[in-house]
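Residue numbers (the working numbering): 9 to 316. C-beta: ideal position from N, C-alpha, C; glycine also. Note that the coordinates shown come from a computational prediction; the quantities given were computed from them, not determined experimentally. Each remark here refers to the structure printed beneath this line.
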Amino acid sequence: MRNQSEGCSFKEIDSLMKMVQLGVHIPTFFLGLCLNLLAIYSFASFLRKWQEEYRATSIYMINLAVFDLLLVLSLPFKMALSQGPAHTSSFCTVAECLYFVSMYGSVFTITFISLDRYVSIKHPIWVKNIRSPRNISIVCCSVWALVCIGTIPIYQFHEEAVNSTCFHNMSDNTWGVPAIVPLEFFGFLLPMAIVCFCSFSNIHTLLGKQNELNAWAGKRAHVIHSIAASLAVFVVSFLPVHLCIFLQFLVRNGFIQDCGTKRGISFALQLALCLSNINCCLDVFCYYFVSKEFRAGIMTHQRPLRVQ
Numbered sequence: 009m010r011n012q013s014e015g016c017s018f019k020e021i022d023s024l025m026k027m028v029q030l031g032v033h034i035p036t037f038f039l040g041l042c043l044n045l046l047a048i049y050s051f052a053s054f055l056r057k058w059q060e061e062y063r064a065t066s067i068y069m070i071n072l073a074v075f076d077l078l079l080v081l082s083l084p085f086k087m088a089l090s091q092g093p094a095h096t097s098s099f100c101t102v103a104e105c106l107y108f109v110s111m112y113g114s115v116f117t118i119t120f121i122s123l124d125r126y127v128s129i130k131h132p133i134w135v136k137n138i139r140s141p142r143n144i145s146i147v148c149c150s151v152w153a154l155v156c157i158g159t160i161p162i163y164q165f166h167e168e169a170v171n172s173t174c175f176h177n178m179s180d181n182t183w184g185v186p187a188i189v190p191l192e193f194f195g196f197l198l199p200m201a202i203v204c205f206c207s208f209s210n211i212h213t214l215l216g217k218q219n220e221l222n223a224w225a226g227k228r229a230h231v232i233h234s235i236a237a238s239l240a241v242f243v244v245s246f247l248p249v250h251l252c253i254f255l256q257f258l259v260r261n262g263f264i265q266d267c268g269t270k271r272g273i274s275f276a277l278q279l280a281l282c283l284s285n286i287n288c289c290l291d292v293f294c295y296y297f298v299s300k301e302f303r304a305g306i307m308t309h310q311r312p313l314r315v316q
């Protein structure tokens, strides 16, 4: 995702990353396709059979699985189109939009899931008024609208870029302050702060209820595992990518001049983006623990502890 710098070659890195991408993307595609289709089917079953709170959570999970499925479906196009010039193919823009919609759709969906858990655990009285399938559907539709609108700048990613290829060598405008600062803050830092705050607060609250909930210790453990899994997947999938995007921003704006450092950052960014695609498979841990919550019957109107 950078232009060639004068006197600094990235050909060896690009060749190496092509092999790495094949080794990561092919198994990710098949595994992610199966896991996310299974997740959509499973939570659709919960959506039909269970009470309102289960249905509300199922909507979030289905939405997250659909975003992951979009990411899976974008991988073959990402591998194929990255070999050709970007400016000759409008299909390249569509593939890039699909890729980034799925990535940031997952970011915002996980963020709202964390907020939903926080309200359910810390303020259970509010849940009766705000947590319904209708309201959750509105939130999910808003996420779709937000990420689709956010992809509009992608249509200018390759303007005036030399030797531009799909998903690579994007224009200088792409790496300017007006593009990268909002992306980093609203697309990652703010969501990460919310997810971390809600997750740690929820775990602290649940551990603090140990004495009054001894009879439900096993069920409470499922909730804590689910929260921890969601937080871990979020950090592992998105922190390295956005750290590398910031470093590449420094490179493209002249703050980093050393050729070896530039090559290292280019490799780290491409590798982080490649590995972040595994997120579509890692989310299965979130689905697993949430389904265990459902089966354990944690979310009921009769119990004082209300969680997602």
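CA-CA distance, residue i and residue j?
i	j	result
residue 49	residue 283	26 Å
residue 38	residue 83	10 Å
residue 102	residue 174	10 Å
residue 141	residue 208	26 Å
residue 123	residue 40	26 Å
residue 87	residue 135	44 Å
residue 75	residue 68	11 Å
residue 54	residue 187	40 Å
residue 221	residue 156	Only weak support exists for where residue 221 lies, its pLDDT of 48 falling under 50; the coordinates are left without a value.
residue 267	residue 278	17 Å
residue 96	residue 137	Reliability fails at residue 96, whose pLDDT of 49 lies under 50, so the model's placement of it is uncertain and the value that follows must be treated cautiously. Those two C-alpha atoms are separated by around 52 Å.
residue 255	residue 176	16 Å
Where does residue i land, buried or exposed, given buried means 16+ other C-beta within 10 angstroms?
i	result
residue 130	exposed
residue 288	buried
residue 27	exposed
residue 116	buried
residue 34	exposed
residue 56	exposed
residue 70	buried
residue 46	exposed
residue 189	exposed
residue 212	exposed
residue 237	buried
Among residues of its own chain, excluding the 5 on either side of residue i, which ones have a beta-carbon nearer than 6 Å to its beta-carbon?
i	result
residue 77	44
residue 242	118 and 203
residue 290	241
So, under 8 Å CB-CB, residue i and residue j are touching, yes? Tell me the CB distance rounded to an integer number of Å.
i	j	result
residue 151	residue 113	6 Å
residue 147	residue 120	6 Å
residue 192	residue 253	7 Å
residue 296	residue 206	Rounded, the Cβ-Cβ distance is 20 Å, inconsistent with contact.
residue 239	residue 228	Their Cβ separation, rounded to whole angstroms, is 17 Å, which puts residue 239 and residue 228 out of contact at 8 Å.
residue 85	residue 159	About 15 Å; that fails the 8 Å criterion.
Quick one: what's got a C-beta closer than 7 Å to residue i's C-beta in the same chain, skipping five residues either side?
i	result
residue 249	280, 281 and 284
residue 106	78 and 82
residue 234	294, 297, 298 and 301
residue 29	87 and 282
Take residue i and list the residues in its own chain whose beta-carbon comes closer than 8 Å to its own, dropping the five residues that flank it on each side.
i	result
residue 36	80, 83, 285, 286, 288 and 289
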